[in-house]
Each structure stands twice: as structure tokens, then as C-alpha cells.
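J.: Sharing a structure, written as C-alpha cells. Questions coming.
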Amino acid sequence: MRIAGVDPGTIQTGVGILEDSGKQPVLIFSRTIHAGGSKAIADRLEIIFTELKAVFEEWKPDVLALENIFYQKDFKAAVKVGEARAAAMLAASMSRIPVVEYPPARVKQSISGNGRAAKDQVQYMVRHILGFRGPLSADSADAIAVAICHIHSKKFAQIQKEAAHV
79 MRIAGVDPGT
89 IQTGVGILED
99 SGKQPVLIFS
109 RTIHAGGSKA
119 IADRLEIIFT
129 ELKAVFEEWK
139 PDVLALENIF
149 YQKDFKAAVK
159 VGEARAAAML
169 AASMSRIPVV
179 EYPPARVKQS
189 ISGNGRAAKD
199 QVQYMVRHIL
209 GFRGPLSADS
219 ADAIAVAICH
229 IHSKKFAQIQ
239 KEAAHV
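Here's what the structure looks like:
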């Protein structure tokens, strides 16, 4: 199974694609899309959409994993994240890729064992889980973390299903 994770933002959007064959997931692609903070929001959303759609068409993930929007004190920031999420969801939908969403605390819990883990802890654990030593931006690490969360969630659901039949 091939999982795309996206960490949406209107200035920088992280994307990572993992291949999961049932053992250790393998990072096959990661990138930070730089939409530029000085451009109009519509232009930035077009960049995010266009670049994600190209990534999805090239790598053909089976699913897109995203974090849910969480409550933020900064309403404007929450709206912008929502707009970037919409661009990612549209790119996935147009590529016929289903979208799954996870709460941020669940992603952090799945990766680090702590639902309130700091960004640097998440980045460290992503590297550790994947055995990855190359360069990895914070945005890409967050995107990969959501993809790993999806893998863990699917495996846990399978274990629960098997346990119910015992």
C-alpha cells in the first residue's frame, strides 16, 4: 500500500509518500512545496493544488492522510490551513485518491507515544521509525508522521478484527 501524507500550509506544504509492505514503511518521496508568502492566496492555493496533483499522478498513492483542523486561537491561521487542506483534498479527489483524517494528538501519540509531543520529537521519531538519515524538513516530517499514523491505525484495526474472531 502506498500512503501520501500532507502537512498543509499556505506558505509551505509538506508532502511525503510511504510504501508499506507490511513490515517497516519505506519513504519513497518527500518534498516541501514553497507557495511563497508574498503571493495572493488564490495563487498560492493554485501552486499547492497543481504541485500536489502532479505528485499524486506520478507516485499514485492509494490513500491521502491529513490532520484534522484543530482549534487555534488564531482564527486567520486556522482559515488558511483549512484552505490549504481543501487544495490537497481536491487534488486527491481529482486523482481518485480517498482521504482519511486524523486528529493532531492522535498523530503525535502514534508517532511518539505522547499526544502533546513537540515538533522536534515528531521529526526525531519519524527519522527513527523509517531509519532515515537524509535531509528532512519539518513540514515533510509532519506529513510523513500523518502517513505513519495511518499505517499504525490500519494495522491496529486489523489486529482488533482478528481478535474479535478468536
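Numbering (the numbering used here), first residue to last: 79 to 244. Every residue gets a Cβ at the ideal spot worked out from N, C-alpha and C, and that includes glycine.
Where in the stretch 133-170 do unbroken runs of the beta strand (DSSP E), each at least 3 residues long, occur, reported from the N-terminal end onward?
T.: Qualifying beta strand (DSSP E) stretches, in chain order: 141-145.
J.: Please report how far the alpha carbon of K233 lies from the alpha carbon of H243, in whole angstroms.
T.: Taking the sequence shown and counting its residues from 1, the one referred to as residue 233 is at position 155. Taking the sequence shown and counting its residues from 1, the one referred to as residue 243 is at position 165. Approximately 16 Å between the Cα atoms of the pair.
J.: How far does the beta strand (DSSP E) with A82 in it extend, from its first residue to its last?
T.: Within the sequence shown, the letter at position 4 stands for residue 82. Run containing A82: 80-85, per the beta strand (DSSP E) assignment.
J.: Does P182 pass the burial test, meaning 16 or more other C-beta atoms within 10 Å, or should it be called exposed?
T.: The residue labelled residue 182 in the question sits at position 104 within the sequence shown. That one is buried.
J.: Residues in the same chain with beta-carbon distance under 7 Å from C227, minus the five sequence neighbours each way, listed in chain order, please.
T.: What you label residue 227 is simply residue 149 of the sequence shown in a count that begins at 1. Counting only Cβ-Cβ distances below 7 Å, and skipping sequence neighbours, we find A143, Y180, R184, V185, S188, I189.
J.: Is D140 near I81, with beta carbons less than 8 Å apart?
T.: In the sequence shown, counting from the first residue as 1, residue 140 sits at position 62. In the sequence shown, counting from the first residue as 1, residue 81 sits at position 3. Yes, they are a contact pair.
J.: Using the three-state DSSP reduction, which class does T128 fall into: helix, strand or coil?
T.: Translated into the one-based positions of the sequence shown, residue 128 becomes position 50. If DSSP states are grouped into helix, strand and coil, T128 belongs with the helices.
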